[in-house]
Structure formats: structure tokens, C-alpha cells
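Below you'll find the structure, written out as C-alpha cells, and then a few comments.
In our numbering, the protein residues as written are 94 to 482.
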């Protein structure tokens with residue numbers, strides 16, 4: 094029986110979390126509070142074939158950015174242990190405060206579609222991540238992050254990992270969220286916030302009001318969008334395993350019109366398995382949503398299949414041939430869109446927001462699901478333009 098836990102403490106809870114992930118086709122990331130048991134799990138994992146990869150949203154996004162723009166100055170402000178440092182691109186600039194003797198280990202359990210777990214057969218490929226990541230769960234990098242922004246004055250800052258605060262006591266995460274909000278109000282640099290899965294809706298509500306509404310840009314998937322709506326008390330009827338374009342577009346419109354502003358949240362990049370949408374406030378500082386959504390969708394398929402070129406045998410389009418762009422808007426709800434392979438990007442305007450939708454060439458047999466959201470968001474940002482004038 095699957096159960097979605099906000100924090101894991103026992104192997105039974107881990108089993109229930111994996112069951113939930115597989116039956117709901119939902120990727121999850123949870124904090125493992127029992128350190129001795131988590132260390133034992135890591136030791137057992139090291140006795141079977143395993144591989145070390147770059148981990149953490151910040152490191153994955155920094156690695157993707159420096160790969161595409163090797164001449165850029167990219168600062169990675171995050172807990173960096175000796176093993177992770179060996180894996181990172183040497184061109185990345187790592188502040189001294191970020192260096193740690195011990196690595197923070199995240200255990201990733203990936204499964205393909207039709208994987209069997211007890212009585213459950215997974216309808217899709219996905220993953221469960223668990224860790225006892227003390228540094229990130231306490232956001233120990235927040236102060237160095239602020240100092241780096243103020244001293245280097247970058248064109249863009251990316252904030253991630255805040256979801257791990259969920260595992261800390263409420264008084265602690267409330268204080269840290271207030272400190273993030275203060276940072277976002279203090280710096281002039283546009284800040285993109287990368288969301289990840291969260292189980293505690295009260296914590297997510299605080300993130301929504303204190304962080305997301307004050308960031309300039311947001312990256313998330315349909316599961317996280319649904320969780321945000323639940324945290325805000327908004328009903329949608331979304332089926333996460335098969336998210337309809339009309340339902341997702343309505344929720345996206347609710348999010349950016351409720352919490353967005355020209356000086357605050359003015360761009361959202363949402364990614365599902367079958368399509369991506371970029372939303373930009375008209376008159377806001379973000380531009381080039383179309384190439385951003387196209388390139389983000391492109392990298393999703395290529396990275397999932399771990400190839401550099403598209404091969405028709407490896408990919409498929411799962412976007413419906415006909416769909417609506419809204420259930421709520423009187424005009425859009427009556428206009429059925431016919432998907433055209435020769436002109437695949439769909440764009441529309443709605444109440445001060447411009448939207449761009451691109452289908453994804455979905456990898457039929459994905460080799461890697463971890464880090465896709467980070468690759469999508471960082472690629473989309475590279476093809477976007479921010480201008481405060």
C-alpha cells in the first residue's frame with residue numbers, strides 16, 4: 094500500500110514511499126531522519142553495482158550551464174564534498190565557504206515503466222530520492238549565496254534546494270523562509286527558483302507566499318503545480334499521471350496571476366512528460382519564451398535517452414492530437430487546438446499573460462529520469478532574455 098510521507102524514518106516508510114511513487118507515477122524526494130538507518134542503507138547500496146553522479150539541483154544546473162556556456166562565470170554556492178568536487182567541471186567557481194570534507198549522499202532509486210514492486214506495476218519511469226542531507230535541509234549555503242550575489246553581481250541567480258527545509262522543525266523553516274524572502278527583496282539580480290517535490294502542504298504554502306511570489310522566475314513540474322494548488326486550497330481535478338493541457342494551463346494561469354507581478358514572479362517554466370509551457374507576464378522583464386520552451390523540451394528527450402541526436406525509433410510524441418487550452422476561460426474553452434507537426438509550438442494570450450507550449454519527443458525507454466527538471470529549467474533560462482528596462 095502506497096503512502097506519501099513528508100519525512101522518512103523507517104524502512105517500512107521507505108517501502109510505502111516507493112509504492113506510492115510507482116502507483117501514482119510520481120517522482121518524490123524525501124528526507125530520511127533516521128541517520129543510522131540511512132547510513133546502513135548507503136552501506137548496503139555500496140555493496141551492489143552502483144555509480145556516483147553529480148547530485149543536488151544547484152550542482153546539476155550549474156554543470157548544465159557551464160557545459161553550454163564554457164566562457165561564462167558560474168558560481169556554485171552549495172555544500173561541495175571531496176567526491177562531488179572531483180565530478181564537477183573545473184571551470185565552475187566554488188567559494189571557499191562551500192567546501193566540505195564529507196559529501197552529502199542522496200540515494201536514488203530509479204525504475205522503468207512496467208517495473209513490478211510487490212503487487213504494484215509502475216505505469217511510467219520515475220524515481221524515489223532519499224537522503225539525510227543536513228547541510229541542505231538547513232539551507233546552510235544561504236548566507237554565502239547572498240554574499241556571492243552582492244559581491245559578484247551576476248546577471249542571474251538560481252536558488253534551489255529549499256524544499257529540503259521541510260524536514261526541519263516549523264519554527265526553523267519559518268525563519269529560513271523569511272530570510273529567503275528578505276534576500277529576494279534585497280538583491281537586484283533576478284532570481285530563478287527551482288521547486289522540487291514537497292509533502293507538507295503547510296510548508297509548501299509558506300514557500301508559495303514567502304519565496305515563489307518574490308522570485309522572478311519559477312521552474313516546476315505538474316506534480317509540484319498540483320501540490321501548490323492544494324496548499325492554496327484551489328481545486329483542479331488534475332490527473333497527475335495524465336495531466337490535461339486545459340487543466341494544467343488553468344492552474345498555471347491561477348499561479349502567475351495570483352502570485353505574479355512585474356517586479357516579482359513574472360515567468361514560469363512548467364514541464365510535464367509530454368509537453369512544456371512557458372508563461373510570461375506581458376510588460377514584464379522576461380522575453381523569448383518560445384525558444385526557451387522548445388530547447389527545454391528538446392533537452393528533456395535527449396537526456397532521458399542519453400543520446401545527442403534524435404532517432405525516430407527511440408522517441409514518440411504523446412501530446413494529444415487535439416486539446417483545449419482552458420476549461421475556465423470562455424473563449425479558450427471553445428477553441429480546440431489541432432496539433433501540427435510542421436508548426437508544433439502553440440502560443441496564446443490570456444489576461445496579461447503570454448503562453449508558449451511545446452510537445453516533447455518522449456524517450457520510449459528512458460535511461461535516466463533524475464535531473465531532467467534541472468536540465469530543462471537551466472536550458473530554458475539560457476534561451477530566455479531578462480531586461481528590466
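For glycine and all other residues, C-beta sits at the position ideal for the given N, C-alpha and C.
Remember, predicted model here, so these are calculated numbers, not experimental data.
- Taking all protein chains shown into account, do 16 or more other C-beta atoms lie within 10 angstroms of the C-beta of residue 144, making it buried, or fewer, making it exposed? exposed
- Item | Cβ pair count under 8 Å reaching 3, the stretch 267 to 281 against the stretch 298 to 306 | yes
- Looking only at DSSP bridge pairs, what is residue 353 linked to? 358
- Item | Endpoints, beta strand (DSSP E) assigned at residue 202 | That run of the beta strand (DSSP E) goes 199 to 204.
- Query: Beta carbon of residue 333, beta carbon of residue 119: below 8 Å?
  - Reply: yes
- Under 8 Å by Cβ, that's how I've got residue 361 and residue 345 pegged, so tell me the actual separation to the nearest angstrom. 6 Å
- Message: Measuring straight from C-alpha to C-alpha, what distance separates residue 426 and residue 329?
- Response: 15 Å
- Cβ neighbours of residue 352 in the same chain (closer than 7 Å, five flanking residues each side left out): Result list for residue 352: 301, 305, 306 and 358, in chain order.
- Rounded to whole angstroms, what's the CA-CA distance from residue 174 to residue 187? Just pull it up for me. 11 Å
- Message: Let me check understanding here. Comparing Cα to Cα, which of 368, 375 and 381 lies closest to residue 349?
- Response: Of 368, 375 and 381, the residue nearest in Cα terms is 375.
- Item | Backbone secondary structure at residue 63 - three-state DSSP | Residue 63 falls outside the range modelled here, since the chain spans only 94 to 482, and no answer is possible.
- Item | alpha helix (DSSP H) runs wholly inside the stretch 315 to 340, at least 4 long, in chain order | Correct list: 315 to 324.
- Between which two residues does the beta strand (DSSP E) harbouring residue 285 extend? 284 to 287
- Exposed unless 16 or more other CB atoms sit within 10 angstroms - verdict on residue 284: Buried is the call here.
- Message: For residue 196 and residue 138, I'd like the C-alpha separation in whole angstroms.
- Response: If you draw a straight line from the Cα of residue 196 to the Cα of residue 138, it is about 16 Å long.
- Task: With a 10 Å radius around its C-beta and 16 neighbouring C-beta atoms as the bar for buried, classify residue 96 as buried or exposed.
- Result: The residue in question, residue 96, is exposed, as its Cβ has fewer than 16 Cβ neighbours within 10 Å.
- Buried or exposed by the 16-neighbour rule on C-beta atoms within 10 Å, applied to residue 278: exposed
- Buried or exposed: where does residue 423 fall if 16 or more other Cβ atoms within 10 Å of its Cβ makes it buried? With fewer than 16 other Cβ atoms inside 10 Å of its own Cβ, residue 423 counts as exposed.
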